[in-house]
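Engineer: Just so you know, this note's numbering puts 315 at position 60 of the sequence shown, and the rest follows in order with no gaps. Glycine residues also receive a C-beta, built at the ideal position from the N, C-alpha and C atoms.
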Amino acid sequence: MWIRIIGSAAGGGFPQWNANDRLNRAARAGAPGVRSRLQTSVAASSDGRRWILFNASPDIRQQIADNTELQPHSNMSARATPMAAVVVTGAEVDQIAGLLSLRERQSFALYATEQVLAVIASNSIFDVLDARIVSRRRLPAEGVVDLRDAGGAEIGVRIEVFPVPGKVALFLEDNGRHELRHADGGTIGVRLMEGSRSLLFVPGCTAVDERLQQRIAGADMLLLDGTVFTNDELITGGVGVKTGARMGHIAMSGPDGAIARLKDIPVGRRIFIHINNTNPVLDETSPEHLAVRAAGWEIAQDRMELVL
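1. Which of helix, strand or coil does DSSP assign to E397?
2. If we ignore side chains and look at the alpha-carbon of each, how far apart do G402 and W257 end up?
3. Helix or strand or just coil, what does DSSP make of T368?
4. Using the beta-carbon count (16 or more within 10 Å), is T591 buried or exposed?
5. Rounded C-beta distance between N486 and A265? I'm assuming under 8 Å.
6. Straight-line CA distance for G509 to G481?
7. Indicate, with yes or no, if the ligand SAH has a heavy atom lying under 8 Å from the CB of L477.
8. When burial is assigned at 16 or more other CB atoms within 10 Å of the CB, is D557 buried or exposed?
9. I528 and F456: beta carbons closer than 9 Å?
10. Opposite D480 in the DSSP bridges: which residues?
11. Which residues in the same chain as G464 place their Cβ atom closer than 7 Å to its Cβ, once the five residues preceding and following it in sequence are excluded?
12. When you compare each of S362, G303 and A311 to S332 by their alpha carbons, which one comes out closest?
13. Extract the residue ranges of the alpha helix (DSSP H) inside the stretch 497–545, only unbroken runs of 4 or more that lie entirely within it.
14. For G551, count neighbouring C-beta atoms within 10 Å of its own C-beta (all shown protein chains included) and say buried if the count is 16 or more, exposed if not.
15. Where V522 and A555 are concerned, what is the direct C-alpha to C-alpha distance, given to the nearest angstrom?
16. Per DSSP, which one or two residues make a beta bridge with S390?
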């Protein structure tokens with residue numbers, strides 16, 4: 256199975272449109288070791304012809320332009336796409352907003368949990384995706400699914416979905432009250448399976464609890480939420496009032512951070528994805544970046560290719 260990371264930043268991308276700190280200015284200037292990144296999305300294919308998109312970011316048009324595998328092929332019809340299905344892992348804006356750019360009467364299958372499909376159904380703007388053309392399919396909160404295209408044909412990709420610690424999407428919070436939830440299907444992780452090998456994609460989680468540790472153990476590859484390096488970096492940087500946990504994301508560092516929680520868990524390649532524009536690891540010369548690499552982790556980059 257071929258996996259391509261077509262976006263590796265958190266919501267807003269990197270540099271973020273209104274961010275004017277040293278790190279974002281360096282990215283705009285093209286400084287060495289500070290690479291620009293689009294918002295997180297991953298594409299996978301078992302045959303190199305039909306692709307599944309995991310999360311539809313607001314940057315999807317540029318992501319298709321940057322990755323020829325996702326563009327219509329010369330032997331296709333006048334309106335066509337090699338993207339057979341889209342799987343979304345939650346209802347955050349940077350996970351579903353890109354669906355609106357896929358509205359040009361093009362068939363594909365949309366997979367999401369019952370809770371996320373309800374969010375999409377309750378927002379009439381998503382009616383631009385004609386349900387007669389874009390089939391909406393319910394994912395279980397936990398279980399194995401063989402993905403199929405809009406016509407019902409097998410795509411050759413099997414996934415396992417599972418709940419992870421998370422919170423409701425920002426725009427669904429009730430008067431500022433947020434809830435951290437686990438098993439309601441609002442936030443899921445995905446295991447891509449190819450024979451005995453597997454890759455886990457968990458772009459958003461508030462904690463690596465024992466259940467998630469057990470899920471991760473033995474995986475050949477892991478793409479894990481790497482939004483912030485420290486839980487309070489937005490506050491200390493003077494650009495926000497929320498901690499990483501309050502936003503629904505675990506920190507890389509600290510005693511309860513992802514690096515510490517997975518230190519003794521057997522995993523093949525460990526890769527952080529969904530990197531926020533405030534995260535100092537985006538500077539490849541920074542002490543934080545070097546510390547993450549020394550701990551055995553990689554930092555995802557746009558157009559990174561993996562083979563499962």
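Structural biologist: Taking the structure as given:
1. coil
2. It should be noted that the sequence gives Leu, not Gly, for residue 402. Roughly 15 Å separates the two Cα atoms.
3. strand
4. What the structure shows of the chain is the stretch from 256 to 563, and residue 591 is not part of that stretch, so it cannot be assessed.
5. So it is not a contact: roughly 15 Å between Cβ atoms.
6. 13 Å
7. Of ligands this structure carries none, so the ligand SAH is not represented either.
8. buried
9. yes
10. I528
11. First, the residue type needs correcting, since residue 464 is Asp and not Gly in the sequence shown. Within the same chain, D464 has close Cβ partners P420.
12. S362
13. Correct list: 499–502 and 513–516.
14. exposed
15. 16 Å
16. The secondary-structure analysis by DSSP pairs S390 across a beta bridge with A364.
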